[in-house]
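So for the sequence shown, the UniProt record's numbering puts the first residue at 1; every next one is plus one.
Worksheet for the structure shown next.
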Amino acid sequence: MSLHPELKAALRKLLTTGFLDAPEDLRCYSYDMFARAEPETVVLPESTEQAAEVMALAQRYETPVTPRGAGTSLTGGPTPVRGGLVLGTARMNNVLDLSRADRIARVQAGVVTAHLQRAVMEQGLFYPPNPTSADYCTLGGNVATNAGGASGVKYGVTRDYLTGLTAVLPGGEILSTGGRCMKDVAGYDLTRLLCGSEGRLALVTEASVRLLPKPEAVRAMSAYFPDIKSTAEAVAAIMSSGYAPCTLELMDRAFLRAVKQAYEFDFPADAQALLLIEVDGFETTLNDQMQAIARICKEQGAFQTTVAADEAERQSLWQARRGGTAALVRQASFMVSLDYAVPVSLLPEAVDRIGALGGKHGLEVVVIAHAGDGNLHPLVIYDPKDTAQAAAFAAFDRDACNAVLELGGTLSGEHGIGMEKAAHLPRQLSPAFLRLAREIKRSFDPRDLLNPGKCESACGNED
1 MSLHPELKAA LRKLLTTGFL DAPEDLRCYS YDMFARAEPE TVVLPESTEQ AAEVMALAQR
61 YETPVTPRGA GTSLTGGPTP VRGGLVLGTA RMNNVLDLSR ADRIARVQAG VVTAHLQRAV
121 MEQGLFYPPN PTSADYCTLG GNVATNAGGA SGVKYGVTRD YLTGLTAVLP GGEILSTGGR
181 CMKDVAGYDL TRLLCGSEGR LALVTEASVR LLPKPEAVRA MSAYFPDIKS TAEAVAAIMS
241 SGYAPCTLEL MDRAFLRAVK QAYEFDFPAD AQALLLIEVD GFETTLNDQM QAIARICKEQ
301 GAFQTTVAAD EAERQSLWQA RRGGTAALVR QASFMVSLDY AVPVSLLPEA VDRIGALGGK
361 HGLEVVVIAH AGDGNLHPLV IYDPKDTAQA AAFAAFDRDA CNAVLELGGT LSGEHGIGME
421 KAAHLPRQLS PAFLRLAREI KRSFDPRDLL NPGKCESACG NED
């Protein structure tokens, strides 16, 4: 489709430098890690009020709007599959208010997650949700997918920290939910309804998030295992022990090998998996916790456990975790990062079954996980242009979804549904659930103009 000339003129007048339609700009806003589709125009409002005017104009001219934060999605969420406008939040990037007394921050949707974390840390406070892409993903994107990350095992996910949102409805009306109170049961909880809705119901422009006191100290430990299943068994044992690690990250040998080649990260020659473990809290309690967790790891088969001697060693472990995916991408022709979650007690079986499915379908499957909350991220390397490999991946994806659901798991722990998992949704969600989801969507957006072609609208079986 092409934009109505009157719409383009109105948007250009409203936004001036925030109106982009040069081919090179459109290409930059046309993709994420999963899909590619070009918009007709990109708009970059600087405030909720400007965003509301954009939404009202788009509604008037029946033009689709696809919200976009930093474009770090892995599921096609910010990809404009029906053209129209991409509305980027990059210029809405201010921390509007930070109250140490209330332990609340109010931020615009385009604020980078790590920037917020550093700002509150200067006040002795702590914002826990930390996706692996925290250095460049945005709060608005985190709200859209209810992002989690490595700290979810102890601290939860984005939804657990939201006290209120400002959002723009598809027709341009501004909606405020919640506020600065820790407790609020006035009316339906629209804050948590919008969180995880993937930009399908309203455009989030501001978020109020609660903060915690900054932990006094953090300790990190590496534990190496002779096989990946015993690593997963150690995770289940740690989680049933009564200790509360703030990080339990699992990495398999193929992942470690890529890290070693890219960053000269050394690991034992006979290690088949690494568990990165962190505990935080009062300094006086951490050594005892680490010793107890190390004992559990050894009981489950770990042959080497090492506590990081200082912050430099701790950051070296995190470089391995955060940099490994990029290292694999550089080595592979193509790679897909998948996202499943299972009950932690069943993580060993899930890891075993997913590994076996990779062998069954002749695919290289690298396994990493936010293991403490059962969140698996299989990284599948294949060539989508090769018909046989593409068919093998489709079969693997189908079988992996089946395995996860049989274990009482979910098709997405934190990446969202987007386009990637839409076809599988009816296998997890009942017809009644999908019907209600579509009715909710219609009540917010009867013309299906906001981020169309995603989630429940893309899974078939429309009413």
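Positions of the beta carbon are idealized from the N, C-alpha and C atoms, including for glycine.
Keep in mind the model is a prediction, meaning the values are calculated, not measured.
At the C-beta level, V259 and A327 come within 8 Å of one another. If you ignore the 5 residues before and after R91, its C-beta comes within less than 8 Å of the C-beta of G18, L44, P45, E46, G110, all in its own chain and listed in chain order. An exposed status is given to E439, since fewer than 16 other beta-carbon atoms sit within 10 Å of its beta-carbon. For G88, the closest C-alpha among the options I104, V65, V81, D97 is that of V65. Put simply, the backbone Cα of F334 is about 16 Å away from that of G76.
In this structure, A394 is the residue among L436, A394, L405 with its C-alpha nearest to the C-alpha of E420. In the DSSP assignment, S316 falls within the alpha helix (DSSP H) that extends over 311-331.
A distance of 8 Å or more separates the beta carbons of R180 and C455. Out of R295, L15, T247, G69, the CA that lies nearest to the CA of V54 is found in L15.
Annotation for L317: A220, S222, L276, A308 place their beta carbon closer than 8 Å to its own, counting only its chain and skipping 5 residues before and after. Going by beta carbons, R82 and G453 fall inside the 8 Å limit. In this chain, the alpha helix (DSSP H) harbouring S230 covers 228-239.
Contact check between the stretch 264-273 and the stretch 334-348: fewer than three CB pairs, one atom from each, fall below 8 Å, which does not count as touching. For P64, the secondary structure class from DSSP, reduced to helix, strand or coil, is coil. Taking the Cα of S73 as reference, the smallest distance to any Cα among N146, R12, A9, V209 is reached at N146.
For the 8 Å CB-CB criterion, T138 and T166 do not form a contact.
Within a 10 Å sphere around the beta-carbon of V185 sit fewer than 16 other beta-carbons, which makes this residue exposed. Counting only residues of its own chain and dropping the five nearest sequence neighbours on each side, H4 has a CB closer than 6 Å to the CB of Y61. If the five residues before and after A10 are omitted, its C-beta is found closer than 7 Å to the C-beta atoms of L57, all from its own chain and listed in chain order. Per the coordinates, the alpha-carbon of R427 lies some 33 Å from the alpha-carbon of Y136.
Buried is the label assigned to P170, since at least 16 other Cβ atoms lie within 10 Å of its Cβ.
If you draw a 10 Å sphere on the C-beta of F433, you find fewer than 16 other C-beta atoms in it, and that means exposed.
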